[in-house]
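Using this note's numbering, the letters of the sequence shown map in sequence onto residues 31 to 486. Worksheet for the structure shown next.
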Amino acid sequence: GCFVFKPSPKKRRVSHKTANVFRQRDGNNSEDTELRFVTCQSLWNQIKSETEQIQEDLNKQLFDTLVSFLRRSHSEFQEKTTEWTCRMKSREIPTAALVLGVNVTDHDLTFRSLSEVLQNNITPYVALLEAKDCPGIKNLMQKLMGQLMNCYIDVDSLEDEDYVQVSQNRIRCSMTSLISWYEGVTMKKNSETPSKKRTSSSRHCQSPPVVVIFKDMESFTTKVLQDFIVISSQHIRELPLVLIFGIATSPMIIHSLLPHSVSSLLCIELFQSLSCKDHLSTIIEKLLLTAQFPFKLGEKVLQVLINIFLYHDFSVQNFIKGFQLCIVEHFYSQPLSVLCCQLVDAKKRVNSLSHDQCENIRRLPSFRRYVEGQVSEKQIALLTADNFLKETVQKLLEDLHVYHENYVPVLRCLHVFTSSLPKYPLGKQIRELHCACLENQVWETEEYESSLQLAR
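Okay, here's the thing in structure tokens:
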């Protein structure tokens, strides 16, 4: 396959002029604009927090199995058991093959989370390596030692003996130097006072493993991988090294990239992450198919975001960014988005609507259709009396809130009945059924009639 690796995002300063962009659109209506801006920020922060929690929950099982794998590898090294001794004799390196799928743009977040979990539970010595930074074995050792030692090593000064100079110390950029450094830091920790030792050992063991993560294993050159694995296997008795290969395609790529003489030096265990499609379904259910968040996507916009995901990049993070863009655009372009908040707050804000904002409500196509269905006396009151309009809007907001609370359970029930029918007339995924409901009165469609006949 062909994968695009975008540059790492640079940290930007948050501009204090962001709210001014909202103000510039509405001219003098600064109070309402400020409220819209604050509401937009508050809503997005809630959604962002929810997506992070979803990501954490979905990764928990995968990370737990990885942590267990690392603990087993480490304990065998510590206790010098027969199994570990046999592994040492064959010079095998414990290796986790982590299959993450082709949604490459999501991998960064996964590896950052994994690195934090490992540092909190297993070892402080975790290095994240990317192929673009490691064109040769010297560059790889530079990056590895630089991350583990938290210092910068100038690769331009590398010589044939494979060493470099650092301003504070002379460091040989080699596996021997890495072992010497590891023995030094672990010996220093083991000689700490009992109180400090108890604090550190609560998370890490006395000789924690060194974890090297290859984020994009397929992109590394064969020679770099071969050289590093061969060198590492020769020193595995002295350094409890564990490798994690990030794989986008298939674990068979390991045997395609590495000859048998090299792959036989690895003790590989396979780990599979959740499918990106299942991840997307969870995101849609938690963010859209809920009454928790007042912001909803229309059928066309939701279908565009889903199509980009399915036919372009399979990236859940890009789907979330598109969702964020929809939120910002809505609050920026729609003056009445000030009512896009929790029901209690929305009813309070209705009471403080100005006459111009009431006129904005009267111009809404959906409100016009509502007015056309009322008796003539009520039509006149809705179009002329602001107070009566506000009372009606409050009632309509209550009805809308009740509708969304009832919609989701009914949708789930309908999905349970129709998702197992032949040819899936209303879709296999609940998101497909949701889009069908947004597009039309679903009970009037041929697909719905077909589902009823099949269900009977």
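No residue lacks a Cβ here, since even glycine has one placed at the ideal position from N, Cα and C.
With a minimum length of 4 residues, the unbroken runs of alpha helix (DSSP H) contained wholly in the stretch 153 to 181 fall at 167 to 179. Counting only the Cα atoms, F418 lies some 43 Å from L310. Assigned with DSSP and collapsed to three states, P124 falls in strand. Taking each of Q76, I123, D87 in turn and checking the Cα distance to F99, the smallest one comes out for I123.
Nearest in C-alpha terms to R267, of all of L327, P239, S291, H290, is P239. Annotation for L287: the continuous alpha helix (DSSP H) segment containing it runs 283 to 287. Beta-carbon to beta-carbon, F301 and L273 are separated by about 12 Å, too far to satisfy the 8 Å threshold.
C-alpha of K218 to C-alpha of T252: approximately 37 Å in a straight line. Bounds of the alpha helix (DSSP H) holding E421 are 416 to 448. Of the other Cβ atoms in all chains shown, fewer than 16 fall within 10 Å of the Cβ of E479; this residue is therefore exposed. Between F344 and V132, the gap from beta carbon to beta carbon is short of 7 Å. Approximately 17 Å separates the beta-carbon atoms of L383 and V401; this is outside 8 Å, ruling out the contact.
One alpha carbon belongs to N151, the other to C388, and they sit about 57 Å apart.
Residue state for G276 is assigned as strand, using DSSP reduced to three classes.
Scanning L130, W473, R461, V97 for the CA closest to the CA of T312 turns up R461. For the 7 Å CB-CB criterion, S305 and L92 do not form a contact.
Out of N470, R392, F397, the CA that lies nearest to the CA of T414 is found in R392. Counting the other CB atoms within 10 Å of its CB gives G214 a total below 16, which places it among the exposed residues.
Inter-residue distance for G166 and S294 is about 22 Å (C-alpha atoms, whole angstroms).
Between I261 and Y212, the alpha-carbon positions lie close to 16 Å from each other. By the CB criterion at 7 Å, V374 and V423 fall outside the cutoff. Each residue's CA atom was taken as its position, placing Q177 and V331 some 43 Å apart. Of the residues D163, R486, F339, G328, the one whose Cα lies closest to the Cα of M247 is D163. By alpha-carbon distance to H431, the top candidate from S286, A321, S396 is A321.
By a beta-carbon distance limit of 8 Å, P324 contacts C371. Their separation comes to about 6 Å. Taking C-beta atoms under 8 Å as the contact rule, C467 and L441 qualify, at a distance of about 7 Å. Rounded to whole angstroms, A126 and E428 show a C-alpha spacing of 53 Å.
Distance from the CA of S237 to the CA of T216, rounded to the nearest whole angstrom, comes to 6 Å. In this chain, the alpha helix (DSSP H) harbouring C306 covers 306 to 317. Beta-bridge analysis with DSSP links F344 to no other residue. Here L148 is near V241, since their CB atoms are less than 7 Å apart.
Residues of the same chain with a CB within less than 7 Å of the CB of W74, apart from the 5 flanking positions on each side, are Q354, I357 in chain order. Considering only Q459, R66, K316, the residue with the shortest C-alpha distance to K307 is Q459.
In the DSSP assignment, C388 falls within the unbroken alpha helix (DSSP H) covering 385 to 392. Using a Cβ distance threshold of 7 Å, V292 and I338 do not count as a contacting pair.
Minimum Cα-Cα distance from S286 among the listed residues L208, S396, F250 corresponds to F250.
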